[in-house]
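Just so we're aligned: 274 in our numbering is position 44 of the sequence shown, and the numbers increase by one with no gaps anywhere.
For glycine and all other residues, C-beta sits at the position ideal for the given N, C-alpha and C.
In what follows, a single structure is set out as structure tokens and then discussed.
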Amino acid sequence: MGTGFNVNVAEMRVHARTVATCSTQVQSATGATQSVSDAAFGMIGQFFATAILAACGDVLQGIQKVATAFDDVRKGIEDVAREYEQIDLGNANTFAGRSA
């Protein structure tokens, strides 16, 4: 049987900030993209331009989804840290004879 566990809320918050930084960096990748016209691919490449531009749009949407996922993870970590902190405070108050 285990002896319990310990949650370091401060470390969870630091990790949430790290995840937020990752989210910001991924999101900035979407801003680094440039729109190009069909002419950018030359005479021969114009034939493929529609497919290439569509694929680029799909990639951009994928990057945006990843950035959103990172941000969702950050929010989840922050929520868990807050919950652990509130539970711990409530338990400490109970043991000290104070109402939670």
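Check: Are the segment 248–267 and the segment 315–329 in contact at 8 Å, needing three or more beta carbon pairs?
Finding: By the criterion of at least three beta-carbon pairs nearer than 8 Å, the segment 248–267 is not in contact with the segment 315–329.
Next item on the list: Starting from N238, trace the alpha helix (DSSP H) both ways and give me its first and last residue.
Entry: Note, N238: premise wrong, no alpha helix (DSSP H); not H, not E.
Item checked: G320: first and last residue of the uninterrupted alpha helix (DSSP H) it sits in -> G272 to F325 is the extent of the alpha helix (DSSP H) around G320.
Next item on the list: Measure the CB-CB distance between Y314 and V239 and report whether it falls below 8 Å.
Entry: Contact flag set, yes.
Next item on the list: Decide if A269 is buried, meaning its Cβ has at least 16 other Cβ atoms within 10 Å, or exposed.
Entry: Classification of A269: exposed, given that the 10 Å Cβ count is below 16.
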